[in-house]
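Visitor:
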Amino acid sequence: MAETQMQTDLQAGLETAVNKDWPGRWSHLYKILDRRGPFADPSFTPDHGDEILLNTCRVLVIGAGGLGCEILKNLALSGFKNIEVIDMDTIDVSNLNRQFLFRPSDVGKPKAKVASEFIMKRVPGINVTYYHGKIQDKDDDYYLGFQLIICGLDSVEARRWINATLVNLVDDEPERIRVLVDGGTEGFKGQARVIIPTITSCYECSLDMLGKQRTFPICTIANTPRLPEHCIEWASAIHWPKERPDTKMDTDDPIHIQWLYETALERAKEFNITGVTYSLTQGVVKNIIPAIASTNAIIAASCCNEAFKLITTSQPYLNNYMMYTGNEGLYTYTFEHQKKPDCPVCGNERVTMEISMEITVEDFIDYLKEKQDIQLKKPSLSHAVTNEKIYWQSPPVFEQKTRPNLERKLIEMVKQGDEVTVTDTTLPISLQIVVSYI
Amino acid sequence: MHVDKKTQKYDRQLRLWHANGQTALETAKVCLINGTATGCEILKDLVLPGIGSFTVVDGKIVDGSDVGNTFFLVPDSIGKSRAEVVTEFLQELNEDVKGFHLPENPIALIENQPEYFLQFSIVITTNIPEKPLLKLADTLWNAKIPLVVVRTVGFIGYFRIALPEHTIVETHPENILDLRLDVPFLSLKQYVKTYNFDTLDSMDHGHIPYVVILLKYLEQWKQDHDGKLPSTSAERNEFKQLIQSGKRNADEENFDEALSSAWKACTATKVPRQVEEIFKDSSCENITAESSNFWIIVRAIREFVSNEGLLPLAGSVPDMKAYTSGYVAMQNIYRQKAKEDISIVRVHVHDILTSIGRSIDSISDDEIDSCCKHASFIQVLRYRSLQEEYITDPKKSDIGRWLRDSQESIVNYVLIRAMDRFYESHNRYPDAATFFLEDDAEEASEEARSEFSTLKTYVNILLGEWDITNYPEHLDNYIHEICRAGGSELANIASLLGGMVSQEVIKLITRQYIPINNTIVFDGVKSTSSSYIL
Numbered sequence: 001m002a003e004t005q006m007q008t009d010l011q012a013g014l015e016t017a018v019n020k021d022w023p024g025r026w027s028h029l030y031k032i033l034d035r036r037g038p039f040a041d042p043s044f045t046p047d048h049g050d051e052i053l054l055n056t057c058r059v060l061v062i063g064a065g066g067l068g069c070e071i072l073k074n075l076a077l078s079g080f081k082n083i084e085v086i087d088m089d090t091i092d093v094s095n096l097n098r099q100f101l102f103r104p105s106d107v108g109k110p111k112a113k114v115a116s117e118f119i120m121k122r123v124p125g126i127n128v129t130y131y132h133g134k135i136q137d138k139d140d141d142y143y144l145g146f147q148l149i150i151c152g153l154d155s156v157e158a159r160r161w162i163n164a165t166l167v168n169l170v171d172d173e174p175e176r177i178r179v180l181v182d183g184g185t186e187g188f189k190g191q192a193r194v195i196i197p198t199i200t201s202c203y204e205c206s207l208d209m210l211g212k213q214r215t216f217p218i219c220t221i222a223n224t225p226r227l228p229e230h231c232i233e234w235a236s237a238i239h240w241p242k243e244r245p246d247t248k249m250d251t252d253d254p255i256h257i258q259w260l261y262e263t264a265l266e267r268a269k270e271f272n273i274t275g276v277t278y279s280l281t282q283g284v285v286k287n288i289i290p291a292i293a294s295t296n297a298i299i300a301a302s303c304c305n306e307a308f309k310l311i312t313t314s315q316p317y318l319n320n321y322m323m324y325t326g327n328e329g330l331y332t333y334t335f336e337h338q339k340k341p342d343c344p345v346c347g348n349e350r351v352t353m354e355i356s357m358e359i360t361v362e363d364f365i366d367y368l369k370e371k372q373d374i375q376l377k378k379p380s381l382s383h384a385v386t387n388e389k390i391y392w393q394s395p396p397v398f399e400q401k402t403r404p405n406l407e408r409k410l411i412e413m414v415k416q417g418d419e420v421t422v423t424d425t426t427l428p429i430s431l432q433i434v435v436s437y438i
Numbered sequence: 001m002h003v004d005k006k007t008q009k010y011d012r013q014l015r016l017w018h019a020n021g022q023t024a025l026e027t028a029k030v031c032l033i034n035g036t037a038t039g040c041e042i043l044k045d046l047v048l049p050g051i052g053s054f055t056v057v058d059g060k061i062v063d064g065s066d067v068g069n070t071f072f073l074v075p076d077s078i079g080k081s082r083a084e085v086v087t088e089f090l091q092e093l094n095e096d097v098k099g100f101h102l103p104e105n106p107i108a109l110i111e112n113q114p115e116y117f118l119q120f121s122i123v124i125t126t127n128i129p130e131k132p133l134l135k136l137a138d139t140l141w142n143a144k145i146p147l148v149v150v151r152t153v154g155f156i157g158y159f160r161i162a163l164p165e166h167t168i169v170e171t172h173p174e175n176i177l178d179l180r181l182d183v184p185f186l187s188l189k190q191y192v193k194t195y196n197f198d199t200l201d202s203m204d205h206g207h208i209p210y211v212v213i214l215l216k217y218l219e220q221w222k223q224d225h226d227g228k229l230p231s232t233s234a235e236r237n238e239f240k241q242l243i244q245s246g247k248r249n250a251d252e253e254n255f256d257e258a259l260s261s262a263w264k265a266c267t268a269t270k271v272p273r274q275v276e277e278i279f280k281d282s283s284c285e286n287i288t289a290e291s292s293n294f295w296i297i298v299r300a301i302r303e304f305v306s307n308e309g310l311l312p313l314a315g316s317v318p319d320m321k322a323y324t325s326g327y328v329a330m331q332n333i334y335r336q337k338a339k340e341d342i343s344i345v346r347v348h349v350h351d352i353l354t355s356i357g358r359s360i361d362s363i364s365d366d367e368i369d370s371c372c373k374h375a376s377f378i379q380v381l382r383y384r385s386l387q388e389e390y391i392t393d394p395k396k397s398d399i400g401r402w403l404r405d406s407q408e409s410i411v412n413y414v415l416i417r418a419m420d421r422f423y424e425s426h427n428r429y430p431d432a433a434t435f436f437l438e439d440d441a442e443e444a445s446e447e448a449r450s451e452f453s454t455l456k457t458y459v460n461i462l463l464g465e466w467d468i469t470n471y472p473e474h475l476d477n478y479i480h481e482i483c484r485a486g487g488s489e490l491a492n493i494a495s496l497l498g499g500m501v502s503q504e505v506i507k508l509i510t511r512q513y514i515p516i517n518n519t520i521v522f523d524g525v526k527s528t529s530s531s532y533i534l
């Protein structure tokens with residue numbers, strides 16, 4: 001069914017493509033696509049870029065935000081005629097300083113819809129379909145329907161999900177490999193990378209490169225605040241649940257932010273702390289990362305340049321990571337990030353962990369959450385051989401049944417050298433850990 | 001509290017360059033010469049964050065190929081003025097920005113009326129050949145207006161900043177730690193004395209701020225070592241042992257913080273070398289009525305340093321394990337001292353202003369405060385002019401050295417220069433398939449062979465001008481690649497350069513963060529970029 005639909009789309013796209021071109025439209029691209037080059041792959045054939053310009057290549061763009069808007073524009077101008085975009089967000093005023101496909105009158109509308117309609121209106125003959133929803137709603141067949149997937153996300157979790165999904169998709173059949181081009185930015189910094197699932201290092205292999213998120217110890221927040229941030233955390237994490245237990249905090253609601261700001265300000269006054277502002281309050285509770293048009297343009301264009309080279313073979317593609325920083329001069333660092341043999345997603349080596357004989361199941365779970373190269377959210381544990389459930393986060397009946405185990409020592413259920421299977425409801429990951437007590 | 005729409009719209013960038021940076025952007029008048037794909041992408045990334053106005057100078061009539069690679073054109077634009085249409089589409093991106101256009105040939109304008117460009121805060125050129133470019137550069141240089149020269153061809157991008165001088169106070173370093181641990185000022189010393197470590201209960205002992213811990217033990221160390229700081233690594237370890245000995249139990253985080261910052265206490269506070277260089281600069285030496293605010297404040301800080309021996313205190317304290325009261329008290333001591341330092345600098349500033357006949361209100365207190373706070377990190381960039389690069393003082397030996405390394409991107413710079421020379425004689429860019437695989441070598445037409453050798457001739461002329469006698473063989477492939485590109489502009493490379501250039505323009509306009517000096521070459525084949533001083 002999906003395949004028939006795809007065929008029809010291809011036919012329809014092909015016709016529009018022929019109809020909508022005007023003289024000279026692709027002349028810049030043809031220079032490259034019709035001529036051999038000294039650096040191009042020997043398999044490159046000068047053929048008018050049939051792959052992209054004749055619409056046989058379907059590309060998926062994940063995210064229609066700062067990077068997504070740029071990616072869609074670049075793909076459309078590079079001759080990719082069959083694009084789908086997924087995004088679950090709606091447009092906010094604070095997007096307008098960089099997400100250039102949106103206008104003030106679009107605030108509140110779904111990003112994916114507005115972005116796809118804008119591109120189709122501006123660039124004739126480009127077919128951009130959209131899905132306003134979560135990437136997790138889609139199944140393997142959906143992702144197999146694209147040659148290439150470009151990610152412009154601001155969420156680590158979503159990136160981990162798509163990465164693991166694409167790696168699992170391969171299933172030892174090389175024809176099921178779908179290349180992932182991933183971009184990310186923060187202020188004046190960013191990175192672009194090419195992930196060829198099971199062949200190159202994957203997103204999970206590089207988790208330890210992520211900076212640790214700034215967190216404040218709860219006792220500081222409760223007893224010895226020193227920074228304005230401590231007062232804001234107190235307002236949102238301690239005072240809100242106490243004062244407004246029946247209202248769910250919505251960080252997009254200006255009235256809620258106002259309440260937090262005033263509460264934090266009050267507490268700051270009490271402790272003679274200066275520096276609580278509305279903007280800081282918003283920044284802390286929403287974990288706002290600065291974002292500007294220029295960095296987005298650089299990273300998105302980098303991703304699209306790699307996508308273009310990958311699909312047309314007109315030049316060698318990035319192997320496999322480019323970091324960019326622009327706050328002091330302009331530097332890029334291009335290197336091959338190495339595959340991690342014991343990567344929980346693409347590695348085939350089991351992970352051995354040295355842990356204390358005294359450790360409880362609960363402490364072990366906390367350890368897995370905090371470990372920089374694993375960073376699980378809600379790990380569930382079973383014995384790999386006996387399948388005995390050690391602790392399961394869900395469904396509720398199993399959670400209740402296994403909850404008493406949290407206080408027990410791990411060694412009571414897992415002997416020296418035994419293997420534990422760890423899964424996480426938020427990620428399509430299954431990790432095998434060999435336990436070595438010390 | 002009411003947050004206005006504009007603050008909401010710009011929230012994500014205000015967190016980087018704050019209200020003062022935004023005001024600078026909003027008063028900037030940007031000129032773009034040629035509304036090419038790259039030019040439009042640069043403007044897009046400047047209109048979105050909200051520059052004051054932009055003006056597109058472009059005499060071209062839109063053709064089908066322009067619409068193919070530029071997002072700010074549509075098929076209906078064909079036959080119309082490119083300046084007019086792109087201005088209209090770019091203006092749509094932000095209602096706060098004014099867009100103007102001048103549908104005239106920029107080369108003729110530079111030739112006949114170069115003073116036209118003096119009305120702008122910054123001028124950006126795309127695809128302007130060498131001769132008119134030099135004339136424009138000269139005009140802007142004399143008026144101290146920044147010029148950004150941009151080129152893209154095929155997978156290659158290039159840009160260059162030319163400006164006599166750029167001074168920066170807010171360089172945004174990762175952290176501005178200035179604790180004066182080795183040279184505590186009086187009020188700080190007195191504050192340390194209020195802590196009697198031995199009589200504190202374990203709770204209080206675990207909340208002594210690490211700055212106090214370091215100051216106490218450093219004082220003790222100095223008493224035992226003729227007033228000297230721990231200098232050798234053995235001494236530093238010994239000093240750490242001393243701190244360690246004061247720790248009552250394993251989980252005293254404040255002592256752990258002290259131990260991990262012990263090296264800071266052993267490092268002498270002094271004026272950074274780059275700031276000393278700035279103090280010696282002739283602009284700092286010779287203050288006149290024409291001196292900029294920056295130089296006047298820096299001169300005042302120099303006076304401060306010659307009296308006090310150190311820069312004015314930055315006044316900020318990092319977070320550390322402590323009781324609120326202890327932390328806030330210490331924070332206030334640092335802040336108070338910083339205020340005192342600033343007020344001394346302010347007196348110097350006012351003296352200088354009076355001596356050159358300027359009003360003392362002509363430099364705001366905020367400006368003085370900011371410069372004192374960032375004193376260790378101020379920067380002065382002096383660019384080389386295009387005249388020097390092209391004619392009077394090319395970086396011959398550097399280029400020669402870089403060219404010997406086949407991994408260096410400098411080849412792309414050489415090719416862009418050669419391509420411009422080609423254009424000046426032929427009024428078109430090199431454009432032919434000149435590279436063939438062995439199997440299809442016979443396909444190489446006469447025309448292709450001649451295109452290759454003509455471009456190579458211009459490469460050799462440039463090499464000759466730089467006194468490079470050995471032709472680097474790896475240049476051949478790059479010549480093929482430029483012939484293949486045929487003067488094309490790819491949307492991806494245009495957008496990438498648009499992002500890079502706009503970022504530098506923002507840094508120049510806001511006078512925040514550190515711009516490049518002076519050339520960037522981006523190689524989209526290898527996905528690398530390189531920075532050169534040319």
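If you're matching them up, the sequences are chains A and B in order.
Heads up: the first sequence begins at 1 in the UniProt record's numbering, then just goes up one per residue.
Heads up: the second sequence begins at 1 in the UniProt record's numbering, then just goes up one per residue.
Glycine included, C-beta positions come from ideal geometry on N, C-alpha and C.
As the structure is a computational prediction, the values presented were derived from the model and not from experiment.
Where in the region 175-245 of chain A do unbroken runs of the alpha helix (DSSP H), each at least 4 residues long, occur, reported from the N-terminal end onward?
Guide: If we require 4 residues or more, the alpha helix (DSSP H) runs fully inside the region 175-245 of chain A come out as 218-222, 228-233 and 240-243.
Visitor: In this structure, how does DSSP classify F159/B when only helix, strand and coil are distinguished?
Guide: On the second sequence, position 159 is the one that residue 159/B refers to. Three-state DSSP puts F159/B in a strand.
Visitor: Alpha carbon to alpha carbon, how far is E170/B from S292/B?
Guide: Taking the first residue of the second sequence as position 1, residue 170/B is located at position 170. Taking the first residue of the second sequence as position 1, residue 292/B is located at position 292. When rounded, the distance between both Cα atoms is 16 Å.
Visitor: What does residue 444/A reach in chain B if we use C-beta pairs closer than 7 Å?
Guide: This structure gives no information on residue 444/A, because the portion of chain A shown stretches from 1 to 438.
Visitor: Hey, does T324/B have any beta-carbon neighbour from chain A nearer than 8 Å?
Guide: The residue given as residue 324/B occupies position 324 in the second sequence. Closer than 8 Å to some Cβ of chain A, the Cβ of T324/B qualifies, so yes.
Visitor: Thinking C-alpha only, which one of R384/B, Y513/B, F452/B and Y478/B is nearest V153/B?
Guide: Reading the second sequence from its first residue, position 153 is the one you call residue 153/B. With distances taken between Cα atoms, V153/B lies closest to Y478/B.
Visitor: Counting C-beta neighbours from all protein chains within 10 Å, is the total for G108/A 16 or more, i.e. buried, or is it exposed?
Guide: Here residue 108/A refers to the residue found at position 108 when the first sequence is read from its first residue. Exposed is the call here.
Visitor: Assess contact between the region 415-434 of chain B and the region 124-138 of chain B, defined as three or more Cβ pairs (one per stretch) separated by less than 8 Å. Is contact present?
Guide: As far as the Cβ criterion goes, the region 415-434 of chain B touches the region 124-138 of chain B, which means the pair count is three or higher.
Visitor: Under 8 Å, do P394/B and L177/B count as touching if we go by C-beta distance?
Guide: The count along the second sequence starts at 1 and reaches residue 394/B at position 394. The count along the second sequence starts at 1 and reaches residue 177/B at position 177. Taking 8 Å as the Cβ cut-off, P394/B and L177/B do not qualify as a contacting pair.
Visitor: Pick helix, strand or coil for Q372/A, following the three-state DSSP scheme.
Guide: One-based indexing of the first sequence puts residue 372/A at position 372. Residue state, collapsed to three classes: coil.
Visitor: Along the chain, where does the alpha helix (DSSP H) that runs through N82/A open and close?
Guide: In the first sequence, counting from the first residue as 1, residue 82/A sits at position 82. It is not in any alpha helix (DSSP H) - N82/A instead sits in the beta strand (DSSP E) that spans N82 to D87.
Visitor: Could you tell me whether any Cβ in chain B is nearer than 8 Å to the Cβ of L330/A?
Guide: For this step, residue 330/A is matched to residue 330 along the first sequence. Closer than 8 Å to some Cβ of chain B, the Cβ of L330/A qualifies, so yes.
Visitor: Would you tell me roughly how many angstroms separate the C-alpha atoms of Y327/B and R226/A, rounded to the nearest one?
Guide: Within the second sequence, residue 327/B is the residue found at index 327, counting from 1. Within the first sequence, residue 226/A is the residue found at index 226, counting from 1. Each residue's alpha carbon lies about 7 Å from the other.
Visitor: My understanding is that V170/A touches I177/A, with C-beta atoms under 8 Å, so please give their C-beta distance in whole angstroms.
Guide: For this step, residue 170/A is matched to residue 170 along the first sequence. For this step, residue 177/A is matched to residue 177 along the first sequence. The Cβ separation is near 5 Å, so the contact holds.
Visitor: I need the boundaries of the alpha helix (DSSP H) containing C266/B, first residue and last residue.
Guide: Here the question's residue 266/B lines up with position 266 in the second sequence. Run containing C266/B: none; DSSP gives neither H nor E here.
Visitor: For T125/B, I'd like the list of residues in its chain whose CB is within less than 6 Å of its CB, leaving aside the five on either flank, ordered along the chain.
Guide: Working through the second sequence from its first residue, we reach residue 125/B at position 125. Contacts found: I33 and V149.
Visitor: Can you check the UniProt domain "E2 binding" (353-438) of chain A for any alpha helix (DSSP H) of at least 4 residues that lies completely inside it and give the ranges in chain order?
Guide: List check, alpha helix (DSSP H) in window: 361-370 and 396-402.
Visitor: Does the region 70-88 of chain A touch the region 125-144 of chain A, meaning 3 or more C-beta pairs lie closer than 8 Å?
Guide: Flag = yes, the region 125-144 of chain A and the region 70-88 of chain A touch.
Visitor: Would you say F271/A lies against chain B (beta-carbon separation less than 8 Å)?
Guide: One-based indexing of the first sequence puts residue 271/A at position 271. So, interface residue.
Visitor: Which residues of chain B have a Cβ atom closer than 7 Å to the Cβ of H28/A, listed in chain order?
Guide: Numbered from 1 along the first sequence, position 28 holds the residue referred to as residue 28/A. What H28/A touches in chain B: S65, G68, N69, S488, E489 and L490.
Visitor: Taking only beta-carbon atoms, is Y429/B less than 8 Å away from chain A?
Guide: Locating residue 429/B in the second sequence gives position 429, counting from the first residue. Cβ-Cβ to chain A under 8 Å: no for Y429/B.
Visitor: What is the DSSP secondary structure of M322/A, counted as helix, strand or coil?
Guide: Here residue 322/A corresponds to residue number 322 of the first sequence, with the count starting at 1. DSSP places M322/A in strand when its eight states are reduced to three.
Visitor: Let me know the secondary structure DSSP gives L181/B once reduced to three states.
Guide: Residue mapping note: residue 181/B aligns to position 181 of the second sequence, counting from 1. Here L181/B sits in coil by DSSP.
Visitor: Is any beta-carbon of chain B found at less than 8 Å from that of D253/A?
Guide: Numbered from its first residue, the first sequence carries residue 253/A at position 253. Taking Cβ atoms only, chain B never reaches closer than 8 Å to D253/A, which makes this a no.
Visitor: Who are the neighbours of A485/B on chain A, taking C-beta pairs under 8 Å?
Guide: Indexing the second sequence from 1 puts residue 485/B at position 485. Under the 8 Å cutoff, chain A gives K31 and I32.
Visitor: Tell me which residues share the same chain as E389/B and place their Cβ nearer than 6 Å to its Cβ, disregarding the 5 neighbours each side in the sequence.
Guide: Counting from one through the second sequence, the residue named residue 389/B turns up at place 389. Contacts found: L534.
Visitor: Rounded C-beta distance between I493/B and E504/B? I'm assuming under 8 Å.
Guide: By 1-based counting over the second sequence, the position of residue 493/B is 493. By 1-based counting over the second sequence, the position of residue 504/B is 504. With 8 Å as the limit, I493/B and E504/B do not qualify as a contact, their Cβ atoms being about 17 Å apart.
Visitor: Would you call the CB atoms of G24/A and S409/B closer than 8 Å?
Guide: Numbered from its first residue, the first sequence carries residue 24/A at position 24. Numbered from its first residue, the second sequence carries residue 409/B at position 409. No; because the gap between Cβ atoms is not below 8 Å, this pair is not in contact.
Visitor: Where does the unbroken alpha helix (DSSP H) through H205/B begin, and where does it stop?
Guide: Mapped onto the second sequence, residue 205/B falls at position 205. Taken as a continuous stretch (DSSP letters only), the alpha helix (DSSP H) holding H205/B covers S202 to H205.
Visitor: Would S359/B pass as an interface residue toward chain A - the criterion being a Cβ-Cβ separation below 8 Å?
Guide: For the purposes of this step, residue 359/B is taken as the residue at position 359 of the second sequence. Answer no: the Cβ-Cβ gap between S359/B and chain A never drops below 8 Å.
Visitor: Do we get a CB-CB distance below 8 Å when we pair H205/B with the residues of chain A?
Guide: For the purposes of this step, residue 205/B is taken as the residue at position 205 of the second sequence. So, not an interface residue.
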